[in-house]
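The numbering of the sequence shown is this note's numbering, which starts it at 123 and goes up by one.
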Amino acid sequence: MIKTTNLTKNYGDFTALNNLNLHIKEGEIFCLLGANGAGKSTTINLLLNFIAPSSGNAFINNVDVAKHSKKTKSFLTYIPENLTLYPTLTAVENLDYFLGIGGKTFSKVELEHFLTEAGLQQEAFYKRIQYFSKGMRQKVGIALAIAKNSKVLLLDEPTSGLDPKSSNEFGALIKKMSLNKVAILMATHDIFRAKEIGTHIGIMRQGVLIHSFSSDEISLQDLEKLYLETMNLNEVSK
Ligand SMILES: Nc1ncnc2c1ncn2[C@@H]1O[C@H](COP(=O)(O)OP(=O)(O)OP(=O)(O)O)[C@@H](O)[C@H]1O
Numbered sequence: 123m124i125k126t127t128n129l130t131k132n133y134g135d136f137t138a139l140n141n142l143n144l145h146i147k148e149g150e151i152f153c154l155l156g157a158n159g160a161g162k163s164t165t166i167n168l169l170l171n172f173i174a175p176s177s178g179n180a181f182i183n184n185v186d187v188a189k190h191s192k193k194t195k196s197f198l199t200y201i202p203e204n205l206t207l208y209p210t211l212t213a214v215e216n217l218d219y220f221l222g223i224g225g226k227t228f229s230k231v232e233l234e235h236f237l238t239e240a241g242l243q244q245e246a247f248y249k250r251i252q253y254f255s256k257g258m259r260q261k262v263g264i265a266l267a268i269a270k271n272s273k274v275l276l277l278d279e280p281t282s283g284l285d286p287k288s289s290n291e292f293g294a295l296i297k298k299m300s301l302n303k304v305a306i307l308m309a310t311h312d313i314f315r316a317k318e319i320g321t322h323i324g325i326m327r328q329g330v331l332i333h334s335f336s337s338d339e340i341s342l343q344d345l346e347k348l349y350l351e352t353m354n355l356n357e358v359s360k
């Protein structure tokens, strides 16, 4: 699970994240919406201990991220907007390499199985990553999460730049991960996908989570309205 208590990040006088309280349980998909600069990536960076909190705490699987960074990383997989893999290595080789860094070794058959589970077509297993689309690279990232048996998945704008079919496929894959009890946080601008796959949705503005609700409480139309109203508030307060 993912939990934050009064998590705050200041840069001098500027507050990028203001007292965030989140609780994402196993099997839940929390989609975090917000305008550019709202604090979505800051939240993810704090959960990864890429940056230190100014105050408050972040927990992955009940372990404090700032105190036990290495341990919390072993529970999670992070897929950034553009997943960096080794371009000259194949999908299988990349998977083998990154799992090896975490001290895990698997047979060729097992690695192929993880890629299959992640929805990568078999013809791509032994192709160099440099020829992969964004959607295909993300599937390698998901295969990594499956192989690691990750309890938590952190996704930063995973569907931006994906065509509708790939975005739909990605959504289905994320839902499948959640059925395996993974707790998922997805920062996104994609209202449609958030409503479709999210069990919970949050809207952030200027570092504050101002709306948070379960996805079935709101229609797509109302969600869009609320989101646009939030964006307009941003404009007015500038
Ligand atoms: N190192 C830093 N120093 C000062 N301000 C920063 C720093 N890093 C981020 N910020 C500011 O913190 C705010 C939140 O940024 P963040 O990247 O979390 O937004 P975001 O919601 O992920 O936006 P986007 O949708 O554009 O990715 C922004 O105003 C950003 O300029």
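C-beta atoms are modelled at their ideal positions from N, C-alpha and C, and glycine is treated no differently.
In the three-state reduction of the DSSP assignment, isoleucine 251 falls in the helix class. Measuring C-alpha to C-alpha distances from leucine 169 to each of Leu345, Lys195, Cys153 identifies Lys195 as the nearest. In this structure, histidine 311 and glutamate 279 form a Cβ contact; the two beta carbons are roughly 7 Å apart against a cut-off of 8 Å.
Here the distance from the Cβ of serine 163 to the nearest heavy atom of ligand 1 is below 6 Å. If you draw a straight line from the Cα of asparagine 290 to the Cα of leucine 129, it comes to about 32 Å.
Contact between lysine 131 and leucine 139 is confirmed by a C-beta separation of about 4 Å, below the 8 Å threshold. By the CB criterion at 7 Å, leucine 198 and valine 304 fall outside the cutoff. Each of Gly293, Leu295, Leu276 was checked against the Cα of lysine 125, and the nearest Cα belongs to Leu276.
Per DSSP, reduced to three states, the secondary structure at asparagine 290 is helical. For the set Lys297, Val214, Tyr133, Gly178, the Cα lying nearest the Cα of leucine 266 is the one of Val214. Within the segment 280-352, the complete beta strand (DSSP E) runs of at least 3 residues fall at 305-309, 322-327, 330-336. The three-state secondary structure of aspartate 218, taken from DSSP, is helix. Distance from phenylalanine 236 to alanine 269 at the Cβ level is roughly 5 Å; contact confirmed, criterion being Cβ atoms closer than 8 Å. Relative to the Cα of asparagine 167, the nearest Cα in the group Lys193, Ile201, Glu150, Ala157 belongs to Ile201. DSSP, reduced to helix, strand and coil, places phenylalanine 236 within a helical segment of the structure shown.
As the crow flies, the alpha-carbon of glycine 161 is around 12 Å from that of phenylalanine 136. Remark: the shortest separation between the CB of alanine 174 and any heavy atom of ligand 1 does not fall under 6 Å.
With a threshold of 16 other beta carbon atoms within 10 Å, isoleucine 182 meets it and is buried.
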